[in-house]
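In what follows, a structure is listed as structure tokens, so that the remarks can point back to it.
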Amino acid sequence: MNKINLLLLITILGFLSCEKENKIPEINYSKEVVSKPIPFGKGIISTENNSEFDLTFSTDGLKTYFSRRPPNEKQMIYVSDFKNGNWSTPKLAEFSSNRDETALITPNGKFMFFGSERPIPNKPNKGNFDMNIWMMKKSDNGWSEPKPLPEPINDVQIDKEEWPSSNNNFFFTNDNKTFYFTTMKRGTKTIKLFSTDFDGKDFSEPKSINGIFEDEKYWIYSAVISPDGNYLVFNSYDAPNGAGGEDIFVSKKTENGWSIAKPISSLVNTKDEESSPRFSRDGKYFFFSRAENLGNYEYGEWSILFMETEYLNLENLDN
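Under our numbering, the first residue of the sequence shown is numbered -5, with each subsequent residue one higher.
Next comes the structure, spelled out in structure tokens:
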């Protein structure tokens, strides 16, 4: 074989290997068409007596990590496997130990991030309630020991500082490089969206993303980007045109950034509380959490709901 043919063969094999690695699995989490929200893993993941909210999937889509809060206890992260069309009985994740939530596995499967109230070594929290982002790296032996992300992504509360100031509980990416998080910087009054780039070792200086709402006073929380990169989805409280309380909003990608956000759909937003928007790996399914609004800032237990993304009609957002 001459050098030219050898180089061509190497190129083709490399392309096929890359294509196989980046191929998104197609998995049906329901045997029926899901045109409106229903409980996800009813009785197994979404239960009556516990609060369940947010979730992430392994790269093959066959394992999910989600947050569960039993009555009168702190939330922890649980894991369940999808086998023969059903979810296994959830088990407490080995790394979950102290008010943990909002796990995220990167698309390449190399890292997992989650929010936790656990103390950062040598940085005691002096405020009233502080959560930070922790990271684990995948190895042949499983996930590494969790380590906190550096400042200024994590910012431990100082004396008399109160939630949500300096709180950060969710870290998201859909390309393994650019990560998004939402937090209220100390001395400000709004939870805003930030981005940072990750090279596998270090994070760049976070940059704020503005223009999501015409009035910057409205909070942006738990933000994700759809697998195709076209939509920014998040929840916000009492934002314009919402159904009341906590609702989910969506913004379209444009040549100049992100469009002004609009309510995602009346199928999702109701008089109750909706939060924690997520997508399946292939984008077929949309997930979110809902709790009954009991009035006077009292709420029922959270449950994870899901539906097929196409029924949100995101492409007609401006119509």
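Ideal placement from N, C-alpha and C gives every residue a C-beta, glycine not left out.
Name the one or two DSSP bridge partners that E145 has. Indexing the sequence shown from 1 puts residue 145 at position 151. None; E145 has no bridge partner.
Member of E156, T96, T100 whose CA lies at the smallest distance from the CA of F123: For the purposes of this step, residue 123 is identified with residue 129 of the sequence shown, where counting begins at 1. Answer by Cα proximity: E156.
Leaving out the 5 sequence neighbours to the left and right, which residues in its chain are closer than 6 Å to E304 when beta-carbon positions are compared? For the purposes of this step, residue 304 is identified with residue 310 of the sequence shown, where counting begins at 1. Excluding positions up to five away in sequence, the list is empty.
Could you check where the beta strand (DSSP E) with P271 kicks off and where it finishes? As a first step, residue 271 is located in the sequence shown; it is residue number 277 there, counting from the start. 267 to 273 is the span of the beta strand (DSSP E), which, as asked, contains P271.
Keeping to the same chain, check which residues put their C-beta closer than 8 Å to that of T177; ignore five residues upstream and five downstream. Residue numbering aside, residue 177 sits at position 183 when the sequence shown is read from its first letter. Only D149, P158, S160, N161, N162, I185, K186, F188 meet the Cβ criterion.
Kindly give me the distance between the Cβ atoms of E94 and F105, rounded to whole angstroms, as I take these residues to be in contact under 8 Å. Taking the sequence shown and counting its residues from 1, one reaches residue 94 at position 100. Taking the sequence shown and counting its residues from 1, one reaches residue 105 at position 111. It should be noted that the sequence gives Asp, not Glu, for residue 94. Not confirmed; about 16 Å, so no contact.
If we count the other Cβ atoms within 10 Å of its Cβ and call it buried at 16 or more, is I258 buried or exposed? Position 264 of the sequence shown holds residue 258. Looking at its Cβ environment, which holds 16 or more other Cβ atoms inside 10 Å, I258 is buried.
Do I32 and P84 come within 8 Å of each other at the CB atom, strictly closer than that value? Here residue 84 corresponds to residue number 90 of the sequence shown, with the count starting at 1. Here residue 32 corresponds to residue number 38 of the sequence shown, with the count starting at 1. Not a contact, by the Cβ cut-off of 8 Å.
Nearest to Y53 by CA position, among K68, G103, Y72, F173, is which residue? If you number the sequence shown from 1, residue 53 lands on position 59. The question names Tyr, yet the displayed sequence has Thr at residue 53. Ranking K68, G103, Y72, F173 by Cα distance to T53 puts G103 first.
Assign E15 to one of three DSSP states: helix, strand, or coil. Taking the sequence shown and counting its residues from 1, the one referred to as residue 15 is at position 21. The predicted model places E15 with a pLDDT of 48, which falls under 50 and marks its position as unreliable; any figure quoted below should be read in that light. Three-state DSSP puts E15 in a helix.
Distance check for S260 and M125, CA to CA, integer angstroms please. Here residue 125 is taken as the residue at index 131 of the sequence shown, counted from 1. Here residue 260 is taken as the residue at index 266 of the sequence shown, counted from 1. Those two C-alpha atoms are separated by around 32 Å.
Would you list, in sequence order, the uninterrupted beta strand (DSSP E) runs of no fewer than 3 residues that lie entirely inside the region 66 to 137? If we require 3 residues or more, the beta strand (DSSP E) runs fully inside the region 66 to 137 come out as 70 to 77, 94 to 99, 105 to 110, 126 to 133.
Here's the rule I'm using: 16 or more other beta-carbon atoms within 10 Å means buried, otherwise exposed. How should N92 be labelled? Start at 1 with the first residue of the sequence shown, and residue 92 comes out as number 98. Label assigned to N92: exposed.
Closest to I152 by C-alpha separation, out of R180, S202, F166, T172, would be which residue? Residue numbering aside, residue 152 sits at position 158 when the sequence shown is read from its first letter. For the residues R180, S202, F166, T172, the minimum Cα distance to I152 belongs to R180.
To which residues of the same chain is N204 closer than 7 Å at the C-beta, ignoring the five residues directly before and after it? Your numbering for residue 204 matches position 210 in the sequence shown. Within the same chain, N204 has close Cβ partners E210.
Could you compute how far the alpha carbon of N170 sits from the alpha carbon of E67? As a first step, residue 170 must be located in the sequence shown, where it is residue number 176. As a first step, residue 67 must be located in the sequence shown, where it is residue number 73. Rounded to the nearest angstrom, the two C-alpha atoms are 33 Å apart.
Rounded to whole angstroms, what is the Cα-Cα separation between F76 and T100? The residue given as residue 76 occupies position 82 in the sequence shown. The residue given as residue 100 occupies position 106 in the sequence shown. Cα atoms of F76 and T100: separation of roughly 19 Å, rounded to the nearest angstrom.
Could you tell me which of K265, V27, W213, K201 sits nearest to L288, measuring between CA atoms? As a position in the sequence shown, residue 288 is number 294, starting the count at 1. The candidate whose alpha carbon is nearest that of L288 is K265.
According to the Cβ coordinates, are L299 and R284 closer than 8 Å? On the sequence shown, residue 299 is found 305 positions in, with the first residue counted as 1. On the sequence shown, residue 284 is found 290 positions in, with the first residue counted as 1. Yes, they are a contact pair.
Cα-Cα separation between E15 and K120, rounded to whole angstroms: Residue 15 sits at position 21 when you count from the first residue of the sequence shown. Residue 120 sits at position 126 when you count from the first residue of the sequence shown. Note on E15: pLDDT 48, under 50, position unreliable in the model; no value is reported.
First and last residue of the uninterrupted beta strand (DSSP E) at S52: Reading the sequence shown from its first residue, position 58 is the one you call residue 52. Unbroken run through S52: none, as it is neither H nor E.
Under 8 Å, do F175 and I127 count as touching if we go by C-beta distance? The sequence position of residue 175 within the sequence shown is 181, counting from 1. The sequence position of residue 127 within the sequence shown is 133, counting from 1. For F175 and I127, yes; Cβs fall inside 8 Å.
Please determine whether the Cβ atom of L299 lies at a distance below 7 Å from any heavy atom of the ligand COA. What this structure holds is no ligand at all, so the ligand COA is not there to describe.
Please state if the CB of F282 and the CB of S269 are separated by a distance shorter than 8 Å. In the sequence shown, residue 269 corresponds to position 275, counting from 1. In the sequence shown, residue 282 corresponds to position 288, counting from 1. Contact flag set, yes.
C-alpha gap between V27 and E20, whole angstroms: Within the sequence shown, the letter at position 33 stands for residue 27. Within the sequence shown, the letter at position 26 stands for residue 20. Whole-angstrom Cα-Cα distance: 15 Å.
Cβ shell of K247 (< 6 Å), same chain only, five flanking positions each side left out: Counting from one through the sequence shown, the residue named residue 247 turns up at place 253. So the qualifying residues of the chain are N224.
Looking only at its own chain, which residues have a Cβ that is under 7 Å from the Cβ of Y231, when we skip the five neighbours before and after it? In the sequence shown, residue 231 corresponds to position 237, counting from 1. Cβ-Cβ distances below 7 Å link Y231 to W213, G239, E240 in the same chain, with the five nearest sequence neighbours on each side left out; the list follows chain order.
What is the rounded straight-line gap between the Cα of P342 and the Cα of Y291? Nothing can be reported for residue 342, as the shown portion of the chain is limited to -5 through 313.
Let me check understanding here. Comparing Cα to Cα, which of A255, R63, P113 lies closest to E208? Counting from one through the sequence shown, the residue named residue 208 turns up at place 214. Of the candidates A255, R63, P113, the one whose C-alpha sits nearest the C-alpha of E208 is A255.
Locate the beta strand (DSSP E) running through R62, then write down its first and last residues. Along the sequence shown, one-based indexing puts residue 62 at 68. Bounds of the beta strand (DSSP E) holding R62 are 57 to 63.
If you reduce the DSSP assignment to three classes, tell me which class T41 lands in. Counted from its first residue, the sequence shown places residue 41 at position 47. Of the three classes helix, strand and coil, the one that applies to T41 here is coil, per DSSP.
Let me make sure I understand the geometry here. Which of L56, F51, A97 has the alpha-carbon closest to that of I339? This structure gives no information on residue 339, because the portion of the chain shown stretches from -5 to 313.
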